[in-house]
Each structure stands twice: as C-alpha cells, then as structure tokens.
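S.K.: Can you read through this structure? Questions will come right after.
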Amino acid sequence: MVVLLSSMPFESDRILADLKNLRFSEIAEKKVYRGSLSGINVILLNTGVGKINAAHSATIVIENFPVEKIISFGIGGAYPGSGLANGDVAISSKEILGDEGVISSKGWEGLEKIGIPLVQVGRKKYFNELPINLPGPFVRAIYPQGTAHELPLHNHFKVKSGAFVTVSAASGSTQRARELEKRFSAICENMEGAAIAQVCMIYNIPMFEIRGISNTAGVREKKRWDIELASLNCQKAVLEAVASLK
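The numbering used here numbers the first residue of the sequence shown as 232 and each following residue consecutively.
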C-alpha cells in the first residue's frame, strides 16, 4: 500500500478525483481516503500544515495500515538559484530540518552542535539531514529523458532533483531564502517533508517527496505566485510516480 500525504485538500483534489473504489474513514478526526491508482492500493490523507501535523499523520497511517511507501507532496517555494520557476516540479534527494539546532552570537548551527541525533539506525546517527533513496522505476517515470539530476522538459514543466529544506517559518525575504539555499545547497523549502522522512526512518519505510513550485522562496507577493499550476503539475508527477511503482 502506498500512502500519499499532502498538507491541504487543494494539493490533492485531482488525485482524489482519480481514485477508484473510493471509500473513507476517520482516524484522529482526519479523513483517510482509500482506493486504487493504476491498480495500486493507495491511501490519501491531508495532514494539515507544519511538521507536527505531518509527523502525526504519517504515524497514524503507519500504525493503522500495512504501509509500504509514503509519498509526501504539495506546493513549495523554490530557492532563487535553483533554476526552477512557477509550475516546475522538484523531487527530493535529501530531506533537511532547517530550524533545529542552536542560534548563538555566531549564527545558526545544526544538531551536531548539541550532539543529540534526530534518529539513530544501528551506529549511524542522523542529525539535520535525512537521506532519500529513489527507486529506479520512480526515477525513470519522473525523468523520462535522463538521470535524476538533469532538467528535461516534462509536459511543459521542468523537473529537478535536489535537497529540500523543511522549515517552521517560510522564508519571508530574498535574503533569508538565499541564506538557507547557501547553507544547505538546497533547491526548495516546505513545511512538512523532513518530519515525514524522520517518522519513516524510524519505521524503516521508504519515503519520497514531490513539490510543485508555486513561487520563489522569499517572494511574498501572491500576485507573483501560481498555486493552481504548481498543484496541478505536482499531482501529474505524483500520478506517474505511483504508476511506476507497480
């Protein structure tokens, strides 16, 4: 069973409309939709915004269903140097918690400064960065013209793989966006992905993230955003990704 998690209903409305044999239930006052896509059993759930909602939602589905994979998806802000524009699609190669750590007079430092990892698997300790291992069929579905680090034109939008930063406070200025982009060598930011990745690592469940670009991070003028196009293209990519996992 593949679980699809987006924060808000508008990010998943097309996928919900495509679900076959649709039925739903409620867990912890959250609607859990069940059905199939391309012959694959899926669960669709809207987590709500932010890390806590995302981690809670990932946990309740893992605890209540036989989950094999989780795909986190939705809209996100591209960092200024990413080469991504509104409507393009970003795929995570690494999940980073961008806030956790210490802020001193010297600036921000990550959890390694404290010495306490977020997750430990065997002897391997993970602090702010959590790895993502994309399966071959998934990569070929999303990148039909090349490898995961190329930028093919895909149904009139670009697709790019790179590091994602999960934040509690979205970048409200270009200066802040460039600061995070440089610090983490990242391509976009969101408010849920790394929290889901952390839960999945605890349960040893593969997790991938897909984001449709709605705006350039740091740009808060909504007339320069395109949420509808970002959500549409992201859901197209999610549908292809699910079909690749058969």
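Backbone N, C-alpha and C define an ideal beta-carbon position, used for all residues, glycine too.
Should Val352 go down as buried or exposed, given a rule of 16 or more other Cβ atoms within 10 Å for buried?
M.R.: So Val352 counts as exposed.
S.K.: Does the Cβ-Cβ distance between Asn358 and Gly341 come in under 7 Å?
M.R.: Looking at the sequence itself, residue 358 is Phe, so the reference to Asn does not match. Result yes, Cβ atoms of Phe358 and Gly341 sit closer than 7 Å.
S.K.: Would you mind working out which of Ser475, Ala401, Ala248, Ala426 sits nearest Ala309, comparing C-alpha positions?
M.R.: Out of Ser475, Ala401, Ala248, Ala426, Ala401 has the C-alpha closest to the C-alpha of Ala309.
S.K.: Pick out the complete alpha helix (DSSP H) segments inside the region 264 to 333, 4 residues or longer, and give them in chain order.
M.R.: Within the region 264 to 333, the complete alpha helix (DSSP H) runs of at least 4 residues are 282 to 295.
S.K.: Put Met438 into one of helix, strand or coil per three-state DSSP.
M.R.: In the structure shown, Met438 sits in a strand (DSSP, three-state: E or B).
S.K.: Per DSSP, Cys419 is paired with what?
M.R.: Bridge partners of Cys419: Ala309, Phe395.
S.K.: Do you know offhand how far Glu412's Cα is from Asn252's?
M.R.: Taking the straight line joining both Cα atoms gives about 42 Å.
S.K.: How close, in whole Å, do the beta carbons of Phe395 and Ser323 come, if the pair is a contact with beta carbons under 8 Å?
M.R.: About 4 Å separates the two Cβ atoms, so the contact holds.
S.K.: If you drop the 5 nearest sequence neighbours on each side, which residues of the same chain put their C-beta closer than 8 Å to that of Arg254?
M.R.: Contacts found: Tyr264, Arg265, Gly266.
S.K.: Pick helix, strand or coil for Ile458, following the three-state DSSP scheme.
M.R.: Looking at Ile458 - three-state DSSP - the assignment turns out to be helix.
S.K.: May I ask which residues mark the beginning and end of the alpha helix (DSSP H) holding Ile246?
M.R.: Start and end: 244 to 249.
S.K.: Cβ of Gly318 within 7 Å of Cβ of Leu460?
M.R.: The answer is yes: Cβ separation under 7 Å.
S.K.: Quick one: Cα of Ala546 to Cα of Ile301, how far?
M.R.: Missing from the structure shown is residue 546; the chain here goes from 232 to 477 and no further.
S.K.: Let's test the definition: count the other Cβ atoms within 10 Å of the Cβ of Lys453 and tell me whether it reaches 16, buried, or not, exposed.
M.R.: When all chains shown are included, Lys453 counts as exposed.
S.K.: Judging by CA-CA distance, which residue of Thr278, Lys262, Lys261, Ile271 is the nearest neighbour of Leu236?
M.R.: The candidate whose alpha carbon is nearest that of Leu236 is Thr278.
S.K.: Going by other Cβ atoms of all chains shown within 10 Å of its Cβ, with 16 needed for buried, is His380 buried or exposed?
M.R.: Note that His380 has pLDDT 43, beneath the 50 cutoff, so the model's placement of it is unreliable and the number below is only indicative. That one is exposed.
S.K.: Buried or exposed for Lys282, going by 16 or more other Cβ atoms inside 10 Å?
M.R.: By the 10 Å Cβ count, Lys282 comes out buried.
S.K.: In angstroms, rounded to a whole number, what distance separates the CA positions of Ile291 and Asn272?
M.R.: Their backbone Cα atoms lie some 17 Å apart in a straight line.
S.K.: Within the same chain, show all residues whose beta-carbon is closer than 8 Å to that of Arg409, passing over the 5 residues directly before and after it, in chain order.
M.R.: Contacts found: Tyr310, Pro311, Gly312, Gly449.
S.K.: Residues in the same chain with beta-carbon distance under 6 Å from Asn284, minus the five sequence neighbours each way, listed in chain order, please.
M.R.: The answer, listed in chain order, is Thr278.
S.K.: What does DSSP give as the partner residues of Leu253 in its beta bridges?
M.R.: None, per the DSSP bridge assignment.
S.K.: Taking the alpha-carbon of Cys465 as reference, which of Leu476, Leu276, Ser445, Ser475 has the nearest alpha-carbon?
M.R.: The candidate whose alpha carbon is nearest that of Cys465 is Ser445.
S.K.: Keeping to the same chain, check which residues put their C-beta closer than 7 Å to that of Pro362; ignore five residues upstream and five downstream.
M.R.: Correct list, in chain order: Lys325.
S.K.: Only counting the same chain, and skipping five residues up and downstream in sequence, which positions put a Cβ closer than 7 Å to that of Ser336?
M.R.: Closer than 7 Å at the Cβ level, and outside the excluded window around Ser336, lies no residue.
S.K.: Buried or exposed: which applies to Gly346, given that a residue is buried once 16 or more other Cβ atoms fall within 10 Å of its Cβ?
M.R.: With fewer than 16 other Cβ atoms within 10 Å, it is exposed.
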